[in-house]
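Numbering (the UniProt record's numbering), first residue to last: 1 to 201.
Note that the Cβ used here is the ideal one computed from N, Cα and C, for glycine as well.
In what follows, a structure is listed as structure tokens, so that the remarks can point back to it.
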């Protein structure tokens with residue numbers, strides 16, 4: 001759903017960056033726990049974000065292949081219908097944030113209520129390698145960017161980064177949608193609310 005009448009394209013980069021720059025720490029009277037508790041009351045959809053890490057030396061046939069990288073995200077929203085833009089928030093310095101600083105192509109699979117295990121798997125702290133996490137998942141490789149798309153997802157989108165904006169301890173990545181499909185449109189969505197994965201109804 002298109003959530004705003006103003007396209008991010010209508011806002012100059014300088015204005016956007018100024019609006020998102022915040023001093024370190026919280027305003028007086030607002031603690032980390034209070035802010036986290038308040039925002040946990042906002043229900044979010046859950047997506048698996050993926051990107052392909054390129055080979056370290058693409059000109060060397062003997063060099064190891066690139067690796068698929070994935071992460072669970074709930075800070076994913078639509079921004080503009082024309083052009084089609086989406087936004088995702090990444091923790092600054094995370095593996096996905098570092099990868100997308102170099103690699104502009106990525107994808108999103110909107111998870112269904114039956115894919116809670118996938119969300120938990122890619123959200124674990126101190127997890128095993130991404131190669132093993134993807135090993136038994138039904139996936140296809142996107143035609144536009146080569147990132148993996150999860151089978152059975154409610155929707156899949158392939159994106160190309162248009163802009164990266166620092167915002168506190170996160171980076172806001174704005175992407176242009178290159179392809180979009182709805183392979184599992186009849187299922188219910190997976191929702192994150194009050195610190196837990198849930199389903200509607």
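Taking a cut-off of 8 Å on C-beta distances, the stretch 90–110 touches the stretch 157–171, as three or more cross pairs fall below it.
In this model, residue 100 and residue 129 are separated by some 18 Å (Cα to Cα). Annotation for residue 144: 158, 178, 179 place their beta carbon closer than 7 Å to its own, counting only its chain and skipping 5 residues before and after. Taking C-beta atoms as the reference points, residue 197 and residue 73 fail to come closer than 8 Å. Only residues of its own chain outside the window of five on either side were considered, and among them 187, 188, 189, 190, 199 have a CB closer than 7 Å to the CB of residue 113, listed in chain order. By the neighbour-count definition (other C-beta atoms within 10 Å, threshold 16), residue 79 is a buried residue.
Bounds of any beta strand (DSSP E) do not take in residue 120; it lies within the alpha helix (DSSP H) bounded by 116–121. The Cβ atoms of residue 171 and residue 68 do not sit closer than 8 Å to each other. The bridge partners DSSP lists for residue 68 are 52.
Pairing residue 77 with residue 47, the inter-Cα distance amounts to about 10 Å.
Ranking 70, 83, 51 by CA distance to the CA of residue 127 puts 70 first.
With contacts defined as CB atoms closer than 8 Å, residue 146 and residue 184 fail to qualify as a contacting pair. In the three-state scheme derived from DSSP, where H, G and I count as helix and E and B as strand, residue 44 is classed as strand. When DSSP reads this structure, residue 89 sits in a beta bridge with 172. If you draw a straight line from the Cα of residue 65 to the Cα of residue 135, it is about 15 Å long. By the neighbour-count criterion, in which 16 or more other beta carbons inside 10 Å mark a residue as buried, residue 30 falls on the exposed side.
Residue 87 counts as buried, since no fewer than 16 other beta carbons sit within 10 angstroms of its beta carbon.
DSSP places residue 158 in the strand class (E or B) of the three-state scheme.
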